[in-house]
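2 protein chains.
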Amino acid sequence: MNVTKFAIPEIIFGRGSMVHVGQCARRLGAKRVLLVSDSGLERAGWVDRVSEILEEERLEWAYYGDVNSNPRDYQVRAGALVYRETGADVIIAIGGGSPIDAAKGIAILASNGGVISDYEGANRVERPLPPMIFLPTTAGSGSDISQFCIVTDVDRQLKMSIISRSLVPNISIIDPLILLTKSHELIIASAIDAFAHAVESYVSRIASPFTEIQSLRAIELIIRNFKSALDDRSIDALEQLSIASTAAGMAFSNAGLGAGHALAHSLGGMFDILHGLVHPILLPAVMRFNAPACTEKMGNIGRLVIGDGRHTAEYFAQAGIESLKKFFANLDVPLRLRDILPDRSPLEQLARAAVGDACNVTNPRHADVEGLLGICEEAW
Amino acid sequence: MNVTKFAIPEIIFGRGSMVHVGQCARRLGAKRVLLVSDSGLERAGWVDRVSEILEEERLEWAYYGDVNSNPRDYQVRAGALVYRETGADVIIAIGGGSPIDAAKGIAILASNGGVISDYEGANRVERPLPPMIFLPTTAGSGSDISQFCIVTDVDRQLKMSIISRSLVPNISIIDPLILLTKSHELIIASAIDAFAHAVESYVSRIASPFTEIQSLRAIELIIRNFKSALDDRSIDALEQLSIASTAAGMAFSNAGLGAGHALAHSLGGMFDILHGLVHPILLPAVMRFNAPACTEKMGNIGRLVIGDGRHTAEYFAQAGIESLKKFFANLDVPLRLRDILPDRSPLEQLARAAVGDACNVTNPRHADVEGLLGICEEAW
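The listed protein sequences correspond, in order, to chains R and D.
Taking my numbering, the leading residue of the first sequence gets 18, the next gets one more, and so forth.
Taking my numbering, the leading residue of the second sequence gets 18, the next gets one more, and so forth.
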């Protein structure tokens, strides 16, 4: 095996674990916290809850909540200004991937200066970031675990992938009780995003034994718990989805992703689509494109999806993809690109933007513009 | 699930990965490194190799190598003096568990003062430690991953367990090529130690889904690769043992151990025995003692040891223990306490020392002096 790296934050996991956020901030030397979130979490009362806990710990805090789904470059810039003006020394984010990615962008600008597009790509963050604590409120993005930060460049209409070891926070506090307050659609979108992380990281060019075990585990847990989490709102099943999302985060943070996420980022940059809902459209086509380059592994995924038996890896790979397509078809989500795009005209631009995305580098099969366009056509 | 914590160092893994130690030290802000090791590793040339790499990175370094197997309190004290006198700012250890545990003790005294017995038990280290990088040279102790530090208190004739989150190093660099230079006996002792870590952490009272997966994986990898690592010196198999030891380290660092390690520590304090060679003697008796309190889990271990089939958990638990005993009997190692102790007279003192060991707290079945004595009698 080549030399491989594996880095994750300290994880505090469990029902009610949110209550530890004050002590954690204190342990990281906080005097004044910048709390980052969004209006949905404000309305749901979670921002108040975190600020109460910080006050119980006698910590001062400032708040930045102007964050969209698919957070924008100007929002990151404005947040960094608040960080500096309020003299904050630790960043806490509570939210799905968007507030957490915004917080990472804020941390980069606060300590490294410049504009956020300066850091697009891998390993371009040089100076250390302020201490960070993230509380994910969805079981999906994995941003609370990962080295990834996705920010939309509004002018260029694309989602930039910023990848750096220093974007792994100090502490991730994962409290599955928060999932009880989430909508049906958000639980679906998040779980599918985690599933895509698991599949893409498992077959990544730089997957290692440390990441593969986490990828497979996430796939298994999502398949086993998805229905009960959705239909019964079972906290046990939601907790298992949280564990799956965390495992998938450990995997993709260290193994990278692939063509599916590269295309999802270019789609999300051009059209403001809920990220997780792109995968039912793209993932089967991406898996089919990749299968010849990683048949054994695609077979292992298929085995987890359809159950064990006496078949070849090729059989399991194809049967797994077909079974996944049926699984997605039973959800109330768009299944084809034509369901979300006005016409075929943006496809070439989508493929051109995706080919340069940092996620495309670790795709197991070389995917040039033509290859990515082929995936889009199959998903049309 | 209750709130659980999971913390591991950044891991750099792979053949030849040792070469990164200089850049890593530099990244942690090193100007002058204290390098800790022992005479065996000096003779094997590994200390020279690390110091060369540090010099290539233009780092100054001082050396402390007066470390025994089962490192002593006075060795830790002397090392801390070297750290202070040489003005070191980062600690690097290369070795098995002994130099790494000594380095941890040195780090505690260098930054927190006092004597090492002040820190015996859990969570007694208050001030932050100097940055630490560990290069394990055995696939066993897991000390390069863990929150544990075991140091012998010479006056009291016992091995103190010191457990603290701050004992997790910043970086663990795991280079399986080093294992090619290790003796048959050391590979056996190390792999069995990792196996005991995996078994005891899996059934620990505070095991979590984050640790259980690592425990099971370590058990499986050790069973599958032990023979080829020993008989053929296959680097592939040795690498798998390294992965197993790392996985077991992730597990026990966060889930704790049990009565087996509590007794191993009291034995090691009274008699200077190679730690890993104690487990073939103790582990089957400990597993039998614990089985009624965790039958399902012992059954899962049994399934990994003897292979799947249609049997009850009770059957797999017992058959697994029997199969393990046979496995140990095929190695050239002591199998009974009577093989390593002069007579039965120390047994009661052994049990009394073990009952207070921090590892005993997480044993799945309450083990008082009588229970521990029963285990010793069964292992006699």
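For each residue, glycine too, the CB sits at the ideal point set by N, CA and C.
Only residues of its own chain outside the window of five on either side were considered, and among them Val-220, Gly-275, Ala-276, Met-315, Asn-380, Pro-381, Arg-382 have a CB closer than 8 Å to the CB of Asn-307(R), listed in chain order. The contact set of Pro-226(R) on chain D, defined by CB atoms closer than 7 Å, consists of Ile-260 in chain order. Out of Ala-268(R), Val-386(R), Ile-290(R), the CA that lies nearest to the CA of Leu-358(R) is found in Ile-290(R). Val-93(D) is positioned such that its CB atom lies no closer than 7 Å to that of Ala-124(D). Between Pro-153(D) and Asn-187(D), the C-beta spacing is not below 7 Å. Val-99(R) places its beta carbon 7 Å or farther from that of Asp-55(R).
Closest by C-alpha distance to Leu-247(D), out of Thr-21(D), Gly-96(D), Ile-209(D), is Ile-209(D). Taking all protein chains in view, the Cβ of Gln-40(R) is surrounded by fewer than 16 other Cβ atoms within 10 Å, so the residue is classified as exposed.
Judged by DSSP in its simplified three-state form, Asp-170(D) adopts strand. In the DSSP annotation of this structure, the continuous segment of the beta strand (DSSP E) that includes Trp-78(D) starts and ends at 77-81. Here the alpha carbons of Ile-150(D) and Ser-34(D) stand approximately 13 Å from one another. Within the region 313-387 of chain R, the complete alpha helix (DSSP H) segments of 4 residues or longer fall at 330-346, 364-372, listed in chain order. Taking 7 Å as the CB threshold, Asn-19(R) lines the interface with chain D.
Cβ-Cβ distances below 6 Å link Val-132(R) to nothing in the same chain once the five nearest sequence neighbours on each side are left out.
Using a Cβ-Cβ cut-off of 7 Å, Ile-240(R) is close to nothing in chain D; its nearest Cβ partner there is about 16 Å away. For secondary structure counted as the alpha helix (DSSP H) over 4 or more consecutive residues, the region 199-287 of chain D holds these complete runs in sequence order: 201-219, 226-248, 252-272, 276-287. Under the Cβ criterion of 7 Å, Phe-212(R) is not counted among the residues facing chain D. The distance from the Cβ of Val-38(R) to that of Ile-190(R) is about 6 Å, consistent with a contact at the 8 Å cut-off. DSSP places Ala-120(R) inside the alpha helix (DSSP H), whose first and last residues are 114-129. Proximity of chain D to Arg-320(R) at the Cβ level (cut-off 7 Å) is not reached, the minimal Cβ distance being about 15 Å. Chain R places a beta carbon closer than 7 Å to that of Ile-28(D), counting this residue as a contact. Between Ala-235(D) and Ala-213(D) a beta carbon distance of about 10 Å is seen, past the 8 Å cut, so the two are scored as non-contacting. Note: Thr-21(D) is bridge-paired with Phe-30(R) in the DSSP secondary-structure output. Remark: C-beta atoms of Pro-116(R) and Val-168(R) do not approach each other more closely than 7 Å.
For Met-177(R), the enclosing beta strand (DSSP E) has its first and last residue at 175-180.
Annotation for Ala-264(D): Gln-231, Arg-234, Ala-235 place their beta carbon closer than 6 Å to its own, counting only its chain and skipping 5 residues before and after.
In this structure, the CA atom of Leu-364(R) is about 13 Å from the CA atom of Arg-353(R). Under the Cβ distance rule, Ser-181(R) does not count among the residues neighbouring chain D, no pair being separated by less than 7 Å.
At a cut-off of 7 Å between beta-carbon atoms, Lys-22(D) makes contact with chain R. For the pair Gly-122(R) and Cys-166(R), the Cα-to-Cα distance works out to about 7 Å. Rounded to whole angstroms, Glu-77(D) and Glu-102(D) show a C-alpha spacing of 14 Å. Distances from the CA of Phe-269(R) to each of Ile-298(R), Ala-254(R), Ala-310(R), Pro-226(R) were compared; the closest alpha carbon is that of Pro-226(R). Taken in chain order, the members of the region 33-67 of chain R whose beta-carbon sits within less than 7 Å of a beta-carbon on chain D are Gly-33, Ser-34. Around the CB of Leu-197(R), fewer than 16 other CB atoms lie within 10 Å, so the residue is classed as exposed. At least one C-beta of chain D is nearer than 7 Å to the C-beta of Gly-31(R).
Among the bridge pairs identified by DSSP, Gly-138(D) is matched with Ile-179(D).
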